[in-house]
Amino acid sequence: MSSPALEVRRLSVSYGRRPVLWDVDATFPAGGLSAIVGPNGAGKSTLLKAALGLVPSDSGQALVLGRPARSALDSVAYVPQREAVDWDFPATVREVVEMGRYRSAGWLRRLRRSDRAIVDEAIERVGMAPFAKRQIGRLSGGQRQRVFLARALAQEAPVLLMDEPFAGVDARTEAALVGLLADLRDGGRSVVVVHHDLGTVRRAFEWALVLNVRTVACGPVEEVIVPATLAKAYGAGTGDDSDEEEELAWTA
Amino acid sequence: MDGLIELVPLPYTDAVVALGALVLGVVSGVLGTLAVLRERSLVGDALSHAALPGVCLAFLFTGAKDPAALLAGAACAGLVAAACMVGIERGGRIRADAAIGVVLSSAFSVGIVLLTAIQNRPDADQAGLDRYLFGQAAGLSADDVLVTGLIGLAGLTLVAVGFRALKTTLFDPAFAAAAGLRVRALELGMTALLVIAVLVGIRMVGAILMVAMLVAPGVAARQLADRLVTLLPLAGAIGAAVGVTGALLSSSAHVPTGPVIALVAFAVVAAALAFSPGRGVVWRAMRLTHDRRRALADGVLVDLETALHAGPPPTVAELRALTARPSRELRRGLRLLRGAGLVDRAGDRLLLTEAGAEAAGAQLARRDDWSLWLEHGARLELPDAREPDPRDLAGSIGADAVARLRALA
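Respectively, the protein sequence lines represent chains A and B.
For the first sequence, our numbering assigns the number 352 to the last residue and increments by one with no breaks.
For the second sequence, our numbering assigns the number 682 to the last residue and increments by one with no breaks.
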């Protein structure tokens with residue numbers, strides 16, 4: 101059996117003295133479309149960041165395709181939350197997507213013709229070809245998310261880790277992006293998405309981690325997205341329960 | 274060096290000043306812009322204030338005003354200040370702006386105390402150190418220009434070589450780190466580049482106002498350039514223009530150079546903020562006025578068309594009763610429409626001209642398109658990421674998509 105796309109073992113992270121992740125174990129299968137779900141403050145985004153070493157962890161280990169994550173970064177395309185960057189930054193759509201090629205082309209080198217072809221294809225694939233030369237500040241939220249996905253596609257990494265790609269995105273874009281992710285999965289890549297909409301997770305994803313500081317459940321969607329685990333994850337609250345009722349409505 | 278100076282069509286001393294200001298402007302324009310994009314403009318301010326005690330200490334140790342030694346002192350002090358800011362911010366759980374404030378004020382007070390102590394000494398060597406406060410272009414030597422030129426060139430070369438890594442880190446540090454870049458080291462490197470810019474500028478602009486040359490070129494250039502690869506050279510060019518203008522003005526008027534350069538920089542920034550196409554305040558205001566007028570005229574046009582469709586040509590009062598628009602707004606809309614030749618009057622009755630009828634028809638068709646989109650758009654496959662604009666559906670998603678939408682309905 102092949103190594104899982106992403107595996108975390110006994111991962112603990114705390115901000116200040118409060119644990120955000122506490123001895124979390126989780127496995128995401130290779131060649132699968134997986135979701136990380138849980139209430140606000142459950143540590144979903146932190147799990148991805150800590151796995152990649154972007155935030156320091158207290159203890160634990162993360163493996164990408166069986167290798168320690170820090171030495172397997174070339175197998176990972178990470179898509180941060182859209183709000184994490186300043187979209188007024190002076191760059192065009194194409195330039196942002198080109199960033200996905202810098203690592204494999206060499207940070208100090210010019211992009212080769214083959215790199216530029218990959219960039220073109222990634223832009224085309226997310227439907228942003230008509231906007232390739234546009235400054236990124238003049239894009240809608242959905243279009244910005246497409247740009248981020250195109251940059252990840254340009255990395256040609258076997259594992260995609262995406263942080264809340266569908267937050268604040270219109271239904272049409274979400275459907276298009278989910279379709280694209282399914283295509284990637286069918287092409288043999290592994291996708292792990294932090295997501296808040298349990299409805300989409302049920303429909304489109306096959307594997308899920310239900311997280312609330314600790315692992316509540318991790319496994320095939322039909323086994324873990326069930327009232328019992330969701331009540332455990334969402335029911336007691338984490339002290340930050342602004343979206344809780346809305347999310348519970350999806351579990352009905 | 275002298276050959277280069279002779280190329281400038283100015284008297285020798287002015288030519289030296291102009292060349293020095295050119296170096297200063299290009300270097301601080303480019304390197305300062307990196308700080309502006311990182312939202313660390315005031316780090317440059319703190320570093321330049323911190324350079325002052327470095328200059329004083331270097332003078333106390335060497336006892337001479339050798340430019341290279343003084344700059345080395347400034348560089349050491351700048352790096353210490355940078356380390357302090359990072360240390361206070363990371364270790365003391367204090368925000369960046371507060372850390373900057375603490376370092377800036379304490380370093381500058383040390384500098385002022387040292388400067389006063391030096392000036393109270395009996396020897397004559399110390400005369401002129403106070404130019405590091407407000408800057409002085411006059412009296413710049415060819416050696417000064419050469420030293421700063423070499424330092425600046427080193428800084429610009431680093432930016433050119435590391436351009437892609439810097440761009441990626443500036444835009445999206447989390448992505449950059451996940452792609453294997455050492456983001457912390459790069460951010461420290463960018464702070465070190467800022468120290469270089471301060472070294473190049475402090476003799477001419479002075480510690481207090483150096484920040485103007487670090488921030489203004491980038492701010493002005495951002496109004497005109499949408500890509501980093503054009504923004505940096507443009508910031509360099511604007512910095513050069515500001516620096517040369519300010520330096521020559523100040524050396525001919527015998528005023529400290531820092532304030533003059535800062536004033537010139539302010540004028541350039543103000544002009545760019547006001548008039549730049551696309552982003553400038555004036556441009557945006559004109560655009561807004563135009564859009565509002567158009568929306569009003571389109572609305573009144575449709576009102577009139579509807580009224581004409583329902584009955585005989587209305588008077589202004591009748592139209593107002595039909596539309597519930599405030600009277601001033603309605604009159605303004607009608608004035609715009611008559612000016613555009615779309616509405617005519619027969620006595621006190623309102624009529625559409627031929628062009629007006631056509632425009633009203635087109636306007637109604639666009640509204641119908643939007644209703645159609647709301648009703649059937651969800652079933653319409655769009656080939657790419659184009660998104661619908663209610664005012665102009667065909668223009669935003671393509672005439673072909675609108676045709677398929679009509680077929681769906």
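Ideal placement from N, C-alpha and C gives every residue a C-beta, glycine not left out.
Interface annotation for the stretch 426-438 of chain B against chain A: V434, G435, R437 and A438, criterion Cβ-Cβ distance under 8 Å. Contact between the stretch 289-307 of chain B and the stretch 417-426 of chain B is present, with at least three C-beta pairs closer than 8 Å. Contact annotation for G227 of chain A against chain B: L655, P656, D657, A658 and R659 [CB-CB distance below 9 Å, chain order]. In the DSSP assignment, N312 of chain A forms a beta bridge with A:R314. For M559 of chain B, the enclosing alpha helix (DSSP H) stretches over residues V554 to A583. The stretch 478-495 of chain B and the stretch 530-549 of chain B touch, with three or more beta-carbon pairs separated by less than 8 Å. Contact between the stretch 353-360 of chain B and the stretch 317-324 of chain B is present, with at least three C-beta pairs closer than 8 Å. Per DSSP, the continuous alpha helix (DSSP H) segment holding W643 of chain B begins and ends at E627 to H649. With respect to A254 of chain A, R201 of chain A sits close: the two C-beta atoms are nearer than 8 Å. Against chain B, a Cβ distance below 8 Å from Q235 of chain A picks out D499 and R500.
Straight through space, the alpha carbons of G479 of chain B and D275 of chain B are spaced by roughly 26 Å. Taking one beta carbon from each stretch, the stretch 217-228 of chain A and the stretch 650-664 of chain B have 3 or more pairs nearer than 8 Å; the two touch. When DSSP assignments are scanned along the stretch 455-527 of chain B, the uninterrupted stretches of alpha helix (DSSP H) that are 4 or more residues long and fall wholly within it turn out to be 456-478, 483-495 and 501-526. Near chain B, meaning a CB-to-CB distance below 9 Å, the residues of the stretch 159-176 of chain A are L173, D174 and V176. In terms of CA proximity to V359 of chain B, B:G374 leads the group B:A498, B:G374, B:A347 and B:T442. For W207 of chain A, the nearest beta carbon of chain B is closer than 8 Å to its own beta carbon. Within the model, the alpha-carbon separation for V575 of chain B versus G650 of chain B is close to 24 Å.
Closest in alpha carbon position to G462 of chain B, among B:G474, B:L443 and B:A451, is B:L443. Contact check for L653 of chain B against L678 of chain B passes: the beta carbons are separated by less than 8 Å.
The bridge partners DSSP lists for E107 of chain A are A:T127 and A:L163. For a Cβ distance threshold of 7 Å, residue set M199 and Y202 of chain A lies close to T441 of chain B, ordered along the chain. Think of a sphere of 7 Å around the beta carbon of A308 of chain A: no beta carbon from chain B falls inside it, the nearest being about 23 Å out. With its beta carbon less than 8 Å from one in chain B, R246 of chain A belongs to the interface. When secondary structure is reduced to three states using DSSP, L387 of chain B falls in the helix class. Annotated three-state conformation of P168 of chain A is strand, per DSSP.
For the pair L609 of chain B and A570 of chain B, the CB atoms are nearer than the 8 Å cut-off.
If you check the CB distance, A323 of chain B and G346 of chain B do not come in under 8 Å. Around the beta carbon of R182 of chain A, a 10 Å sphere encloses 16 or more other beta carbons of the protein chains shown; the residue is thus reported as buried.
Apart from sequence neighbours up to five positions away, the residues of its chain that approach L431 of chain B with a beta-carbon distance below 7 Å are L466, ordered along the chain. S290 of chain A is bridged by DSSP to A:V259.
Ranked by Cα distance from R500 of chain B, the first of B:K440, B:L459 and B:V555 is B:K440. At least one beta carbon of chain B lies nearer than 8 Å to the beta carbon of S240 of chain A. Rounded to the nearest whole angstrom, the CA to CA distance from L561 of chain B to M262 of chain A is 38 Å. In the structure shown, the three-state DSSP call for G116 of chain A is coil. Here DSSP, grouped into helix, strand and coil, assigns P320 of chain A to strand.
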